[in-house]
């Protein structure tokens, strides 16, 4: 009514905005444009990466992702290491959710050397537990983190605290906070400690409380809605064209979840349904992740209820120092918090892998998708879009 | 998967068909037919999702092996199309028109293996390293340890002993070094 | 009261304001920290930060305006202070009225912009693109805030038929129901909403938006200049709170009352800021042009006729 | 060795390294970074060398401490207010969020994060440094106002850590920039990091954290080392 | 966007948190890490043997092995390389693979995690040696257990004939590994090299075990022949000092690698074909020189010396007193342990290299040593220990008291061997076990039952015989009663009826001299119709003439002294080796032969 009175149409913005596409001509020497770098030294980038933005005013005309600041040459290094030495190295390929990489190394080597079915049941349940805990730890940072990109810092504070509690559980289980080095070829490196389930349940109750709080804080927040709704929409057509996976694909109604599509470990014994949304914008991505948070908590409870009480944690395997795997190749995938991750693993009959190649979701999300999405957006939204795509530079450059 | 491979082999000559799992198969196709086959798989067989592209250096055979790993979201299975290209003159037809993510892979492979994909956008741009003027680093003949030792000042205050050699000297001090000094396999 | 005594009171008052600014900033951060579940900085931290900034050895230069920027900013703060009656003592010539005079409201509105202009000078000379982007946002938002604010001030001025803050305060004495908050609710509402923008907390903290544009105009500042800016910031926060206190909340009859009231006023912006994300600049401007502006217009209209 | 010899030696090293840069197989200068002549609005011709500033060739000045009670007081202020640059150079930065959040809350010890190098005096090198990041780190370090402190986290900064044989990461940080405090671990826990800050505070209060001056003194040597491995010295262009 | 009051008011509920107590850890500086935390290293240096497995598995090359000699309070023990891991915290990634592979379980990670320093060079330390304040911490990472092991602690079971099947025949009862078993066993090796160092011949044990894993027998044989020309023999009867120190078997409850059987496995895979051997080892063509070397005795030392001298091109002639080559290996070891065809296989190859052998030639009587020294450029004497040593207890001169050496020789040569119904053997060494088990077999043949008692001074744990020998002897029905000292052979009516023994309390006195103490109260009489003494052998130096004896030097107990080139002191052309220097041990003999050959080569080349 007021708007009508003032002569505004409800959906029209006050400030005129131009439509920019990838084809918009940019003449850099015309002095109409400015180049600014978002990163690597910038609090708004996710990790150590950079986006080179060509802006007009505050509208992004062109974006280029620059990675390599975290390049360590893992794939080369693992070619120089024994099979068992690979997993402490591989885990560092992604800081936020490291267990997935261990799983790849373990699973690939087991599959290629014929020990895939020999892994004890108990160990496989523990693997699932650690993978879900890693997902939970990632989401506890990621969901409020999306609010954090819009300067809603309080949720991040709560989330990181709860993540820290999960890290404490990780410490108990695996002996380390961040780089757990827990999933080893053949099994895992530690049985469930006494009283673990009770302590975990305590933390999960805190997280249940947090889930409600974060819902009130973020999803019933008019400013957050204004910022996030309609921002950086992913359409179903884009999914295959750009290779979008995981929550980023599910946010526009394309239901892709490796846990359901190609069940690994015992995910087919768990009862869950990956959430989807239809809007495809930052808000729906966050919303899906929030639902995943609920789901992950539930999955951890299911795992702890269904797993056997005790058992062997590693199968009998050849001496790790002398372990050779016959020539072969495989691709192992799983659903990480960011989407489908996978590893292409080639062996040549020696005691070291021939080639490993990690396929992280960010490889597409942070380069081709991000560069496409940023065009026409405001500089203020760049960080939010990056986070909503869950870019993680170490898995791009490795 | 079997039917797919049969269908594919009626069109193209397939080699090294390996059923790695019941939902994953690898097959090698000649360089000329590769992109055609990948396009066919994408457009007609439902392999619409490019999982990854990769490259393996088979230095013994003088070949690079490229991999196009495709996923069928409906059948939920994967096929890996392998292509062997000459290592001396590594060049491959670009596939950047098929998926928007392909050029990134090709740019990475260009940097790390030195493979040329004519027509691929931003191929010459730096990807992960900056100011690299050595052998492309993922090639098998590039020794990263040697390069690092040469370049990055490893701390020099360390010395190790081989237990076999050290203990032998301790147990049999008077024995002259006789047996051929074998380099331990470690 | 002779001029020397007045000067002495003014200087003393400024010191109180500056230190209260620091303390208030620290308290707010502690409250925010407590909401997050932690302890937060020690109360003494702002002073240490100031000394630490002064202790910096290297000073870079980007030109003369780069130096003048923070000085302008501090001048803005001091200007606000100089012409603001702090504590109502019953006499316009009282000890804590500083140099307030008949038309000080207009001067103070000017000084309110002055600091921001200083920042613009410094940020522009600093040359950092993010600084420029930050100050652009700052000026745009300031303009948007100023509009409802000015209308509300105007309404109050019309209401009391004066541009003297002292007189406005005087008019509000004698009970809580005399406050502009109740006598001119539209203007008060406009001010209370626009205040959020003026005090620069979320959702209107676009000027210093760390995860978007580093720290905005201050990106290139270091050392003593940063110390200047911190002091100016502390002063400005208190002075803006005092301004709104004087105009809407009946002023203060003692320093204690001033402290309590300015704290609560400032806390209002923190109260909102902690739980809301930041607007984009166009959203922010739109927002100010919607509700507060309308309220301001209403307030003026009501008192015009 | 006399000072003169030292100077000769370092300048020789510098010359050698510059020759190395020239002799390398590729030329990394982009067309827009090359020297060019620009016509000013008034018609005069100005030669522009976009790369000159970026080389950071200018030697920083050594800033002597004032000494006495004043310095003691200032050191106390510096120690109690450590502003850390929010630049996560490596994987160690994953342990920074726990530090600024409720669990460990480093604010209570006077440690805060700052988003820009100009306002920070402590730099956490959180683990390994790839050559590409090292270039940015050096640039950032040189932008920080003196006195500035470096905390090096983890094995990687001490002797290469996991990546001792990587072609992309450096082995020893102290060859490129001076380091005040090393914290062992891979990665160090937040508690260890807090211990690191305590140690740094102690060093500052004792007046021993004068590594910025050391950098200024041995600038040529550091620069030679840096240039040995950073072949592409071009800095990203900011303004068009 | 529609206006929604709920969306504006709900976020304010977050303010309810402001009244909650902060959750911050009060004192993070003393916070304990989890009980399983992988913090800083600790090493139980007394337990550690410095095998270097940690160094091998460390993917970061963070671990160095440094000597600990001279560090106070640390003693090296048998099978201890004298090195300890030193860890570079500029490399470590705390993956704890070093702990998980540690063969002795000495290495662990404590849950300490704070180490702040200003000097980067300080971050190298030797856990357990360098003083650090975290060693007292009990908690931390240890091996997880629950079926988690990096190599199998159990030896692959060697199939052998059952005691009932074997105890009545001299057929070799150890069947040898199949390829699969051998590979599985070889897989357990951690390639530390402590075996190589301990082995007198310094065989390349990790390398040939690797050859087993790689299924490359020819390469394995090459490695074997580098240091040992008698692989078939050694693969069966070696005293395997390597297995005693094997780091894989160091821990209680884990078996050492069966290095000997793996050696045998390699040798067994190659058929007894001299040409194939030459082909494989590349010894088809050897450039001969004109130097001649005489070798006295065809035992391990003599054969080994002959082999390596022949490879160097020397013309060797072996003088053997007995009708067949092999010395003690043939005449001292029963064929159920070492079949004669396997001796022939090794010997034939050595002889095929151009080594001349003269059987039934007794140096000293048939030809004098002086004569040999004139005819040949150098003489190598590996004459061994062929004289039995007597206990000299009352009654030991009786005719039914025998020397084990003589009996064993007689079994081989076919000379008549007296077998009685009840036999008592004095001695706890391998020879004693050999004669015990041989007698058991003979008793089985003759009487159909076994009644042999073997006794030794040493108690069960310190018996010098190999453990499995004792076990197998018992399986075959022999009675072994260790810990008793013989006092008298009981002779009743001129016939041996038993052996009177006292319980032995200690063997050596405080000074370390042989001076057994007995508990006279614990006296037993082992009944037996014959007594066999097997308490050691002596050397027969009758071939040395008085003139030569006067030239060379003798040490205690009549041993000839040699210099470090194995030359008899005083006579440069006489080289001595084998059991007469080292005591009875085949591998020492082989090693001596090898060194002797090299010394002879050096000696003969010096003149040129």
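Chains as they are written, first to last, in the working numbering: chain A, 75 to 472; chain B, 22 to 207; chain C, 9 to 313; chain D, 514 to 753; chain E, 12 to 619.
Each residue gets a CB set at the ideal place from its N, CA and C atoms; glycine is no exception.
Residue i classed as buried or exposed, judged by whether at least 16 other C-beta atoms fall within 10 angstroms
{"i": "residue 172 of chain A", "result": "buried"}
{"i": "residue 533 of chain E", "result": "exposed"}
{"i": "residue 461 of chain E", "result": "buried"}
{"i": "residue 605 of chain E", "result": "buried"}
{"i": "residue 524 of chain E", "result": "exposed"}
{"i": "residue 156 of chain C", "result": "buried"}
Min CB distance residue i to chain C below 8 Å
{"i": "residue 202 of chain E", "result": "no"}
{"i": "residue 42 of chain E", "result": "no"}
{"i": "residue 590 of chain D", "result": "yes"}
CB contact check: residue i to chain E, cutoff 8 Å
{"i": "residue 610 of chain D", "result": "no"}
{"i": "residue 159 of chain A", "result": "yes"}
As assigned by DSSP and simplified to three states, the class of residue i
{"i": "residue 419 of chain A", "result": "strand"}
{"i": "residue 589 of chain D", "result": "helix"}
{"i": "residue 596 of chain D", "result": "strand"}
{"i": "residue 391 of chain E", "result": "strand"}
{"i": "residue 652 of chain D", "result": "helix"}
{"i": "residue 57 of chain E", "result": "coil"}
{"i": "residue 459 of chain E", "result": "coil"}
{"i": "residue 159 of chain E", "result": "coil"}
Neighbourhood of residue i by C-beta, 7 Å cutoff - its chain only, sequence neighbours within 5 removed
{"i": "residue 306 of chain C", "result": "194"}
Interface residues of chain D facing residue i [CB-CB closer than 7 Å]
{"i": "residue 47 of chain C", "result": "618, 621"}
Partner residues on chain D for residue i, Cβ-Cβ distance less than 8 Å
{"i": "residue 124 of chain E", "result": "698, 701, 702, 704, 705"}
Chain-ordered chain C contacts of residue i [CB-CB under 8 Å]
{"i": "residue 291 of chain A", "result": "283"}
Neighbourhood of residue i by C-beta, 8 Å cutoff - its chain only, sequence neighbours within 5 removed
{"i": "residue 287 of chain E", "result": "281"}
{"i": "residue 106 of chain A", "result": "130"}
{"i": "residue 327 of chain A", "result": "310, 350, 351, 352, 354"}
Minimum Cβ-Cβ distance from residue i to chain A less than 8 Å
{"i": "residue 220 of chain C", "result": "yes"}
{"i": "residue 653 of chain D", "result": "yes"}
Proximal residues of chain C, C-beta to C-beta of residue i below 7 Å
{"i": "residue 145 of chain E", "result": "Here the premise fails: no neighbours, minimum Cβ distance about 29 Å."}
{"i": "residue 22 of chain E", "result": "283, 284"}
Residues that residue i contacts on chain A, provided the C-beta gap is smaller than 7 Å
{"i": "residue 291 of chain C", "result": "300"}
Proximal residues to residue i (C-beta, below 6 Å), its chain only, five neighbours per side dropped
{"i": "residue 230 of chain E", "result": "222"}
{"i": "residue 319 of chain E", "result": "605, 608"}
Within-8 Å CB hit, residue i to chain B
{"i": "residue 183 of chain A", "result": "no"}
{"i": "residue 441 of chain A", "result": "yes"}
Under 7 Å by beta carbon: chain E residues contacting residue i
{"i": "residue 694 of chain D", "result": "127, 129"}
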